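**Student:** Counting from 1 along the sequence shown, just add 278 to a position and that's the residue number in the numbering used here.
Note that the Cβ used here is the ideal one computed from N, Cα and C, for glycine as well.
All values derive from a computational prediction rather than experimental measurement.
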Amino acid sequence: MYYYLKRIACLCIVASCLPAFSQPSSSLVIIIDDLGNNLSLGQRAINLPGAITYGILPSTPQSQNLAAAVLNSGNDKEMIIHMPMESVYSQVDKPKTLSTHKKQFSAPEKTQTLASYQTQTVFAKNLHAAMQQFPSARGLNNHQGSHLTALTDQMNWLMGELKETDLYFIDSKTTGSSVAKKAAANHGIPYLVRDVFLDHDPSPEAIDKQYRRALKIANKKGCAVIIAHPNRNTLDYLEQQIPLLAEENIAIVSGSEAIRQQRREANERIKETLLSKAERQPDLSPSGIH
Numbered sequence: 279m280y281y282y283l284k285r286i287a288c289l290c291i292v293a294s295c296l297p298a299f300s301q302p303s304s305s306l307v308i309i310i311d312d313l314g315n316n317l318s319l320g321q322r323a324i325n326l327p328g329a330i331t332y333g334i335l336p337s338t339p340q341s342q343n344l345a346a347a348v349l350n351s352g353n354d355k356e357m358i359i360h361m362p363m364e365s366v367y368s369q370v371d372k373p374k375t376l377s378t379h380k381k382q383f384s385a386p387e388k389t390q391t392l393a394s395y396q397t398q399t400v401f402a403k404n405l406h407a408a409m410q411q412f413p414s415a416r417g418l419n420n421h422q423g424s425h426l427t428a429l430t431d432q433m434n435w436l437m438g439e440l441k442e443t444d445l446y447f448i449d450s451k452t453t454g455s456s457v458a459k460k461a462a463a464n465h466g467i468p469y470l471v472r473d474v475f476l477d478h479d480p481s482p483e484a485i486d487k488q489y490r491r492a493l494k495i496a497n498k499k500g501c502a503v504i505i506a507h508p509n510r511n512t513l514d515y516l517e518q519q520i521p522l523l524a525e526e527n528i529a530i531v532s533g534s535e536a537i538r539q540q541r542r543e544a545n546e547r548i549k550e551t552l553l554s555k556a557e558r559q560p561d562l563s564p565s566g567i568h
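1) Are V503 and D354 close, meaning C-beta to C-beta below 9 Å?
2) Is it buried or exposed for D312, if we count other Cβ within 10 angstroms and need 16 for buried?
3) Between P302 and A529, how many whole angstroms is the CB-CB distance? I'm expecting something under 8 Å.
4) Check L326 in the structure and name its three-state DSSP category.
5) If you compare alpha carbons, which of M409, Q422 and H465 is closest to T430?
6) Between the alpha carbons of A496 and S304, how many angstroms are there, rounded?
7) Could you say if the segment 341-351 and the segment 398-406 meet the contact criterion of at least three C-beta pairs nearer than 8 Å?
8) Put T331 into one of helix, strand or coil per three-state DSSP.
9) Can you tell me where the alpha helix (DSSP H) with I495 in it begins and where it stops?
10) Tell me whether G320 is buried or exposed, calling it buried when 16 or more other Cβ atoms sit within 10 Å of its Cβ.
11) Hey, how far is the Cα of H507 from the Cα of T551?
12) Give the straight-line distance between the Cα atoms of L440 and H425, rounded to the nearest whole angstrom.
13) Looking at the unbroken alpha helix (DSSP H) that takes in A556, where does it start and where does it end?
14) What's the call for A515, buried or exposed, on a 16-neighbour Cβ count within 10 Å?
15) Out of curiosity, what's the CA-to-CA distance linking D486 and L306?
16) Which residue wins for smallest C-alpha separation from I309, given the options N316, N315, A329 and L317?
17) Just to confirm, are L392 and L436 a CB contact at a threshold of 9 Å?
18) For L445, which residues from the same chain have a beta carbon less than 6 Å from its beta carbon, with the 5 sequence-adjacent residues on both sides left out?
19) Where does the unbroken beta strand (DSSP E) through S304 begin, and where does it stop?
20) So for G417, helix, strand or coil by DSSP?
21) So, with DSSP's three-state summary, where would you put E364?
22) Using only CA atoms, which one of P336, T338 and A347 lies nearest to R322?
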């Protein structure tokens with residue numbers, strides 16, 4: 279019996295690794311951040327084909343309209359909370375008042391940024407105020423945050439709060455010193471990290487260069503995460519390029535689907551490890567009896 283169970287498990291793994299006909303070999307997560315201020319550009323972004331993920335800033339004039347548009351759009355699109363977080367630039371001349379502080383973050387006027395000077399209670403209150411605005415959100419990522427995401431205590435506070443929800447976290451990776459990945463792992467929070475900023479330089483040539491870089495990463499790693507913004511050059515480019523992805527054998531997936539793919543791959547690795555260990559064990563069943 280042991281022998282047959284082992285053979286069946288092996289066959290299942292081999293079958294799962296065989297590519298299905300026309301099944302994309304790589305995936306691309308495209309996140310359009312900073313939605314909420316411009317309705318027409320936001321709606322144009324939502325009209326992009328495929329399972330795009332949309333980061334909406336809390337308390338912006340069009341945030342609720344655009345969140346509803348994403349929810350009603352179908353096609354596996356989803357929205358995440360684009361949460362304003364403290365930037366290193368605010369540390370140069372740290373203001374004494376929150377209102378001045380918010381202007382330096384370029385956060386929406388009514389939104390309270392998550393910041394290092396806040397107590398854990400205030401930090402959690404601000405986070406929950408943002409989450410309550412978007413009950414259909416599937417995840418959360420950072421707007422700016424190059425200072426805050428490098429702080430262990432604050433990232434543990436954030437992940438501790440997310441643990442009470444079903445939200446995943448995407449690290450926009452605005453600093454190489456981010457500790458968000460470790461904090462997410464400590465609290466069991468599903469985690470993705472940005473690979474490419476598509477339009478940091480908004481020129482068409484620079485956008486194309488970054489997009490090609492993302493495709494190379496996707497083909498090498500199996501998945502790449504792009505962060506882009508609802509700028510006209512960016513939208514012009516994506517409207518042209520997304521329909522061509524099938525020729526590259528690459529599929530657009532939402533943040534949630536990318537996390538499910540991660541879990542499936544992790545489970546397959548665990549199976550392979552267990553089977554490898556089992557194969558090294560001697561088969562003690564009587565000869566000729568199975």
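**Tutor:** Taking the coordinates as given:
1) no
2) buried
3) 4 Å
4) coil
5) H465
6) 6 Å
7) no
8) strand
9) P482 to K499
10) buried
11) 41 Å
12) 20 Å
13) G533 to R558
14) First, the residue type needs correcting, since residue 515 is Tyr and not Ala in the sequence shown. The residue is buried, with at least 16 neighbouring Cβ atoms inside 10 Å.
15) 15 Å
16) A329
17) yes
18) G417 and L418
19) S304 to L313
20) strand
21) coil
22) A347
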